[in-house]
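Number of protein chains: 2
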Amino acid sequence: MTSPLRIGVAGLGTVGVGVLQILEGHAGLLADRAGRPLVAAAVSARERNRDRGVDLSAVRWYDDPTAMAADPEIDVVVEAIGGSDGVARAVCEQAIASGKSVVTANKALLALHGEGLARAAEAKGVSLAYEAAVAGGIPIIKGLRDGLAANRVSTVFGILNGTCNYILTEMRDSGREFGEVLADAQRLGYAEADPSFDVDGVDAAHKLTLLAGLAFNGLADFDTLHVEGIRHVSALDIAFADELGYRIKLLGIAHRLAEGVELRVHPCMVPAGAPIAMVEGVFNAVVAKGDFVGEVMMVGPGAGRGPTASAIVADLVDLARGFAAPTLGTPARGLERLVPVPMDRRRGAYYVRLMVVDRPGVIADVTRLLRDEDISMESFLQHGRAPGDAVPVVMTTHETAEAAMRRALEAIGALDAVLEPPRMIRIETLAA
Amino acid sequence: MTSPLRIGVAGLGTVGVGVLQILEGHAGLLADRAGRPLVAAAVSARERNRDRGVDLSAVRWYDDPTAMAADPEIDVVVEAIGGSDGVARAVCEQAIASGKSVVTANKALLALHGEGLARAAEAKGVSLAYEAAVAGGIPIIKGLRDGLAANRVSTVFGILNGTCNYILTEMRDSGREFGEVLADAQRLGYAEADPSFDVDGVDAAHKLTLLAGLAFNGLADFDTLHVEGIRHVSALDIAFADELGYRIKLLGIAHRLAEGVELRVHPCMVPAGAPIAMVEGVFNAVVAKGDFVGEVMMVGPGAGRGPTASAIVADLVDLARGFAAPTLGTPARGLERLVPVPMDRRRGAYYVRLMVVDRPGVIADVTRLLRDEDISMESFLQHGRAPGDAVPVVMTTHETAEAAMRRALEAIGALDAVLEPPRMIRIETLAA
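Listed in order, the protein sequences are those of chains A and B. Per the numbering used here, the very first residue in the first sequence carries number 180; after that it's consecutive. Per the numbering used here, the very first residue in the second sequence carries number 180; after that it's consecutive.
Structure, rendered in structure tokens:
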């Protein structure tokens with residue numbers, strides 16, 4: 180098969196243009212590697228007459244990307260529009276309906292509508308590829324689908340959002356608070372004007388849904404994920420974490436248990452010596468545990484034009500070579516729905532920070548409420564004294580159940596001497 | 180295509196049995212993922228009547244693995260015999276000649292005879308797969324070949340030998356010398372009775388040859404590699420490295436320059452904060468730099484039954500799915516021979532340790548000889564005094580050329596007051 184793979188690129192923002200740059204700049208290299216040329220045959224974007232730094236003179240232009248997706252002279256559509264619905268979804272559906280494979284970086288679309296798209300692709304015998312949708316340039320989708328194909332995967336977790344990791348790293352390096360660092364990140368282009376998708380954990384949760392589906396060969400319902408972001412992590416927590424030998428990371432965790440699957444995104448304290456604790460700034464990292472391979476970690480740039488386009492073009496090379504694997508690793512018709520384990524059932528250790536009035540008896544009250552829930556304390560920290568004033572105190576617990584922890588925190592929060600809602604961060608030792 | 184992939188396993192040692200265990204234990208999972216069953220159809224080993232803990236009753240037995248490799252009822256041969264020549268080579272050649280794909284973990288065979296095997300496989304239209312040959316369970320071959328296929332790779336380097344990394348880690352943790360830790364490693368099964376392949380860097384060099392071939396889509400001649408092992412690394416060097424903010428790692432480095440390719444295996448000092456510095460014990464790690472993706476690192480178990488078998492079976496899943504890519508990423512007929520850059524041309528910083536008589540003027544002589552070669556010193560360490568006795572002194576240099584460094588070390592070694600041959604370790608800042 181030496182006829183060119185004819186590619187239509189829908190959306191010419193950062194990512195779409197990056198794809199065109201690689202196709203143009205590495206045309207020879209890609210043809211050698213794929214065994215046939217990869218050719219940008221058509222593009223679609225909103226504004227035709229903007230200079231994007233790539234030569235579009237030999238490429239068909241479409242104002243309507245959905246019309247492009249039906250073009251019989253195109254073999255595969257790269258969806259680089261974004262958004263979980265609307266045009267992006269219509270383009271993917273049209274492409275599949277027209278018998279074309281789809282390559283996308285759109286985690287929101289796939290997390291919410293991936294099942295339907297996967298079934299449609301399977302029915303049409305085309306591929307739905309999404310290496311770029313998770314962890315940017317890190318080839319984790321192929322890593323799980325192909326590289327670890329011999330394993331039953333028990334756990335996959337990682338740093339899936341570079342914006343959050345950048346903010347947490349900066350907070351630690353500078354001692355500043357979340358809001359200030361976020362504002363900086365926005366100025367530097369590491370965070371969006373509306374940062375909520377990133378900092379509230381939604382983006383990481385989209386990616387976790389895809390990882391879990393692939394790792395466990397099942398269908399994860401996005402709605403069942405437990406999702407917390409990093410807005411409540413304070414400079415104080417980061418300093419205490421350091422003192423206790425931990426780093427705070429926003430992790431997405433998919434963990435298979437006998438009774439179902441834990442799927443959760445939240446700030447975690449991980450041991451400072453754990454490899455994943457050392458992944459800093461905008462980098463992403465994913466750890467997978469397989470029953471034969473053990474633990475494998477992949478680290479790399481989680482976003483940006485180059486890494487995202489690299490992942491998309493890798494999918495195009497797969498398609499050009501004729502590599503076709505089911506969207507979630509096994510045929511969609513045989514996939515089971517993953518049974519979510521409620522967050523209340525999580526077992527593990529906890530970090531708790533309280534702002535209390537510094538007076539005799541307060542800690543006795545707090546520890547009694549923990550004991551009432553059978554929670555045993557592992558460490559306790561209070562620095563300095565301020566009799567009669569507010570002071571932060573920090574505790575870590577031994578392993579306990581989340582439900583017990585929540586009840587205890589509610590009771591503790593109701594104490595007169597406890598001046599703010601208690602802050603809790605889960606301690607995760609599963610982190611590689 | 181739903182007919183089974185019929186597999187013949189040549190060699191039933193640790194790895195061969197591991198492959199059979201996965202094929203048996205994950206039969207359903209693998210069939211789902213590959214779209215067809217993967218079946219162990221035949222095996223061959225020296226001793227038939229040994230209990231290996233796997234059921235061989237339904238599997239054809241061959242005393243002669245080369246005869247098995249010609250069996251028309253087999254689609255693919257797993258070569259798990261080992262050794263760069265002899266039976267292993269004959270089995271692979273026979274399998275390819277009989278139109279079967281080959282899966283092997285045999286880096287020695289591929290580093291020395293890979294070119295011929297790759298050409299033969301290509302001529303016959305079969306695959307030569309070797310995910311398990313480099314970095315054990317880490318899917319780095321697929322990572323480079325598929326995951327980073329959109330990139331021109333400029334550098335690939337890593338910790339490629341778990342035995343050496345284990346020994347270096349143990350030396351640092353315990354303060355003990357190489358010989359002692361090696362003996363322990365042999366007792367624990369982390370080192371062979373004859374450890375020279377590992378500790379002299381040969382095994383890492385075999386793997387580096389394969390990585391370079393794939394990363395650069397070229398043919399690397401094993402004979403042209405610069406290879407040093409870790410026998411000369413002393414507890415003293417490790418302690419000084421710590422003090423200077425470095426870790427000592429045996430790295431394999433493939434680095435593309437305008438004039439050719441650096442291919443070298445030697446102990447390196449890497450910054451203690453670099454991600455690769457934190458890869459400890461028997462773990463392996465590989466870093467690749469691509470022009471679009473940036474830097475990606477993969478970490479995982481570098482050896483052992485489970486990880487090696489995991490990688491082999493991943494290759495079998497590829498074959499069952501019909502994934503076939505050229506052995507070195509592009510067709511063998513178009514591969515260029517990589518031009519080696521002589522080691523003398525290496526530019527970088529150096530760590531030098533001398534054992535000198537502690538008397539006035541010695542350091543002046545040493546620094547004069549460095550200056551004569553235009554080498555500028557970055558730091559100098561001497562702890563304590565022992566007038567008239569032998570003391571270790573340590574220097575690090577700014578960037579200089581290896582040739583100049585060698586001339587300087589020769590002249591320094593010839594000084595009366597220098598009691599032992601100078602020890603030199605290269606400082607590598609390219610390490611991620």
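Ideal Cβ placement from N, Cα and C applies to all residues, glycine included.
The residues Leu548, Leu549, Asp551, Glu552, Ile554, in chain order, have a CB closer than 8 Å to that of Ala587 of chain A in the same chain once the five nearest residues on each side in sequence are set aside. If you ignore the 5 residues before and after Met350 of chain A, its C-beta comes within less than 8 Å of the C-beta of Glu356, Phe357, Val360, Val412, Ala414, Ile417, all in its own chain and listed in chain order. Secondary structure at Pro571 of chain A: strand, using DSSP grouped into helix, strand and coil. Here the stretch 488-504 of chain B lies against the stretch 217-232 of chain B, with 3 or more beta-carbon pairs under 8 Å apart. Shown here, Arg586 of chain A sits in a helix according to DSSP, grouped into three states. CA-to-CA, the gap between Gly326 of chain B and Met247 of chain B works out to about 34 Å. Under the Cβ criterion (8 Å, minimum of three pairs), the stretch 366-384 of chain A counts as touching the stretch 438-445 of chain A. Rounded to the nearest whole angstrom, the CA to CA distance from Ala302 of chain B to Glu515 of chain B is 18 Å. At least one C-beta of chain A is nearer than 9 Å to the C-beta of Asn396 of chain B. With a minimum length of 3 residues, the unbroken runs of beta strand (DSSP E) contained wholly in the stretch 447-503 of chain A fall at 462-469, 473-480. Taking the CA atoms as reference points, Ala464 of chain A sits about 31 Å from Ile604 of chain B. Nearest neighbour of Glu252 of chain A by Cα position, chosen from A:Gly527, A:Gly278, A:Ala391, turns out to be A:Gly278. For the pair Leu598 of chain B and Ala569 of chain B, the CB atoms are nearer than the 9 Å cut-off. Of the residues B:Ser182, B:Arg331, B:Asp243, B:Leu390, the one whose Cα lies closest to the Cα of Ala210 of chain B is B:Ser182. Beyond the five residues adjoining it in sequence on each side, Gly197 of chain A comes within less than 7 Å, by CB distance, of Arg484, Gly485, Thr487, Ala488 in the same chain, given in chain order. Note on Ala453 of chain A: 16 or more other CB atoms within 10 angstroms of its CB, so buried under the neighbour-count rule. In the DSSP assignment, Met350 of chain A falls within the unbroken alpha helix (DSSP H) covering 341-353.
Taken atom to atom, the span from the alpha-carbon of Leu199 of chain A to that of Ile317 of chain A is near 20 Å. In this structure, the straight-line span from the alpha carbon of Ile432 of chain B to that of Val335 of chain B is close to 6 Å.
Between Ala221 of chain A and Ala511 of chain A the beta-carbon gap is near 28 Å, outside 8 Å, which marks them as no contact. Chain A places no beta carbon closer than 9 Å to that of Asn344 of chain B, leaving this residue out of the contacts. Every alpha helix (DSSP H) stretch that sits fully inside the stretch 390-452 of chain B and reaches 4 residues is listed by chain position as 414-423. A straight-line Cα-Cα distance of about 13 Å links Gly563 of chain A and Arg538 of chain A. Under a criterion of Cβ atoms nearer than 9 Å, no residue of chain A is adjacent to Glu203 of chain B; the nearest Cβ is some 12 Å distant. Within chain B, no C-beta atom comes less than 7 Å from the C-beta of Asp363 of chain A; the nearest is roughly 22 Å away.
Cβ contact annotation for Ala287 of chain B (same chain, cutoff 6 Å, sequence separation greater than five): Ser263, His385, in chain order. Here the alpha carbon of Val233 of chain A sits roughly 42 Å from the alpha carbon of Val282 of chain B. Using a 10 angstroms sphere on the CB of Arg435 of chain A, the tally of other CB atoms reaches 16 or more, which defines it as buried. Pro318 of chain B belongs to the set of residues whose beta carbon lies under 9 Å from a beta carbon in chain A. Arg239 of chain B: member of the beta strand (DSSP E) spanning 239-241, first to last residue. Under the three-state reduction of DSSP, Val520 of chain B is assigned to coil, being neither helix nor strand. When the alpha-carbon of Leu517 of chain B is set against those of B:Ser558, B:Val458, B:Ala399, B:Thr388, the nearest one is in B:Ala399. Neighbours of Pro480 of chain A across chain B, judged by C-beta separation under 9 Å: Val472, Gly473, Glu474, Val475. Against chain B, the CB of Leu208 of chain A has a partner CB under 9 Å away; the residue lies at that interface. Within chain B, Phe471, Val472, Gly473 have C-beta atoms less than 8 Å from the C-beta of Pro486 of chain A, given in sequence order. Leu367 of chain A: not part of any beta strand (DSSP E); member of the alpha helix (DSSP H) spanning 357-367, first to last residue.
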